[in-house]
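Visitor: Residue numbers for the sequence shown follow our numbering, beginning at 14 and rising by one.
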Amino acid sequence: MDNIRVKELNGLALAYLGDAVWELRLRERFIARNLKVKDLNRLVKAHVSAVAQSEIYLSVVDELQDEYRACAKRARNSKISTFPKSCTMKEYKNATAFEALIAMCYINKREDIIEGIIENYVFKKKNDEK
């Protein structure tokens, strides 16, 4: 990934990569909790949905550095012709922006940002619900 220039990548291509990175990081974190497979799948699916990603995106967007915010905005404004029935078009576009943000963090070796989002918006939320 060292020779990839984020600014030259299509926003949807970034989202494609970010989707995979986000799901992998969540799987790693939930597996470390030694849960049953059916519970792992349920928990991961809950956080990789467009609705969940949109919520997280809206929570973090104002905290982002300008270059990360610009990358996410570029992906959010990409031409998206179809989206799942499980969310609105706005939620889907926000989720696309979130996934592009995750990809940019991954490419720039800013795993700390990804981990911070997981800690603050996945595990903190889960602990708050108890």
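We put the beta carbon where it would ideally sit given N, CA and C, even for glycine. Just so we're clear, the structure is a prediction, and the values are computed from it rather than from any experiment.
Pull up the distance between the alpha-carbon of Ile-93 and that of Trp-35, whole angstroms please.
Guide: Position 80 of the sequence shown holds residue 93. Position 22 of the sequence shown holds residue 35. About 20 angstroms.
Visitor: Determine the extent of the alpha helix (DSSP H) in which Ile-120 is found, giving its start and end residues.
Guide: One-based indexing of the sequence shown puts residue 120 at position 107. In the DSSP assignment, Ile-120 falls within the unbroken alpha helix (DSSP H) covering 102 to 120.
Visitor: When every heavy atom of the ligand ADP is checked, does at least one fall within less than 7 angstroms of the C-beta of Asn-23?
Guide: Ligands displayed in this structure: none; no statement on the ligand ADP is therefore possible.
Visitor: Return the CA-CA distance between Tyr-105 and Arg-38, expressed in angstroms with no decimal places.
Guide: The residue you call residue 105 lines up with position 92 of the sequence shown. The residue you call residue 38 lines up with position 25 of the sequence shown. Rounded to the nearest angstrom, the two C-alpha atoms are 21 angstroms apart.
Visitor: Can you check the stretch 75 to 103 for any alpha helix (DSSP H) of at least 4 residues that lies completely inside it and give the ranges in chain order?
Guide: 79 to 89
Visitor: Just verifying my parser: in three-state terms, what is the DSSP assignment at Ser-62?
Guide: Residue mapping note: residue 62 aligns to position 49 of the sequence shown, counting from 1. If DSSP states are grouped into helix, strand and coil, Ser-62 belongs with coil.
Visitor: By a C-beta neighbour count over all protein chains shown, 10 Å radius and 16 as the cutoff for buried, is Ile-44 buried or exposed?
Guide: Position 31 of the sequence shown, counted from the first residue, corresponds to residue 44. Ile-44 should be labelled exposed.
Visitor: I need the DSSP call for Asn-54, collapsed to helix, strand or coil.
Guide: The residue given as residue 54 occupies position 41 in the sequence shown. Helix.
Visitor: Rounded to the nearest angstrom, how far is the Cβ of Val-57 from that of Arg-46, given a contact under 8 angstroms?
Guide: The residue you call residue 57 lines up with position 44 of the sequence shown. The residue you call residue 46 lines up with position 33 of the sequence shown. In fact, because the Cβ distance is near 12 angstroms, the residues do not count as touching under 8 angstroms.
Visitor: Candidates Lys-49, Glu-132 and Lys-86: which alpha carbon is nearest Glu-112's?
Guide: On the sequence shown, residue 112 is found 99 positions in, with the first residue counted as 1. Nearest of Lys-49, Glu-132 and Lys-86 to Glu-112, Cα basis: Lys-86.
Visitor: Is the beta carbon of Leu-25 less than 8 angstroms from the beta carbon of Ala-83?
Guide: Position 12 of the sequence shown holds residue 25. Position 70 of the sequence shown holds residue 83. Cβ atoms of Leu-25 and Ala-83: not closer than 8 angstroms.
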